[in-house]
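Residue numbers (the working numbering): 16 to 294. Note sheet for the following structure.
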């Protein structure tokens, strides 16, 4: 039974990784082929990157190679899962930007490319002009959305790589972002809220940076929330009700918790409470 559950978990993680983008699943597979350091495996890994180039173009192949390189490096240096995901996300973002020399793609989607994704009939429930507003907003925020997708896909690739034996030892640590990212988030928020007289490019950069930086802080906040519920199970019901009936508020609260954790280290405080069981 335990073996079947583990297999199902691996399959589901692989499917989710593929759903986030074939480059992430291919990157994990490429890393598994190359991690043995055998000539045949390295050759197959390189061939897979080449296949991704013909299947998806320059950006997809570069992101596949970046993901594989990050995973192989993380395995060789015995990084924690959190550090491996950060490395993969960073290299993946650089590769995605470099791949744009070929034209549009992830992080640079044009409005015209989105028309086929939301047919006219599907936008009827959005009201007058609703469909155009949704598509225009998606195109405007495509750099930030693409960066978030890259971070999520990279994290799933790390998990899938680890589940299939890619890491000799699996180390976990509390996810922390430090002061630097916190000030980037604050600066992005300021840029998004200042008067509209600032250049359009600056405002767009601020909006997309805010979207991207909110994602990792949401992950930190979720980790803090999970730790609080582990120590205080009574929080589960009210938090569940908050998520169900006030989803935007709950997302904002969790994200803000992640930001404040930079200064207050909530998990250390929670674990130091009398009667708690430090992990």
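The C-beta atom is built at its ideal place from N, Cα and C for all residues, glycine as well. Because the structure is a prediction, the values reported are computed rather than measured.
Residue i vs residue j beta-carbon contact at 8 Å
i	j	result
residue 171	residue 28	yes
residue 295	residue 90	Any property of residue 295 remains undetermined from this structure, which presents the chain solely from 16 to 294.
residue 114	residue 74	yes
residue 129	residue 111	no
residue 43	residue 86	yes
residue 236	residue 277	no
residue 231	residue 192	yes
residue 79	residue 41	yes
Assigned exposure category for residue i - 16 Cβ within 10 Å defines buried
i	result
residue 175	buried
residue 69	exposed
residue 93	exposed
residue 256	exposed
residue 264	exposed
residue 131	exposed
residue 23	exposed
residue 124	buried
residue 173	buried
residue 183	exposed
DSSP-derived helix/strand/coil call for residue i
i	result
residue 123	strand
residue 98	helix
residue 213	coil
residue 182	coil
residue 35	helix
residue 144	coil
residue 128	helix
residue 287	coil
residue 200	helix
residue 193	coil
residue 264	helix
Span separating the alpha-carbon of residue i from that of residue j
i	j	result
residue 190	residue 238	8 Å
residue 195	residue 19	43 Å
residue 63	residue 51	16 Å
residue 53	residue 122	35 Å
**Asked** Does the pairing of the region 52 to 65 with the region 200 to 215 give three or more beta-carbon distances under 8 Å?
**Response** no
Can you find at least 3 beta carbon pairs, one from the region 149 to 166 and one from the region 97 to 114, that sit closer than 8 Å?
yes
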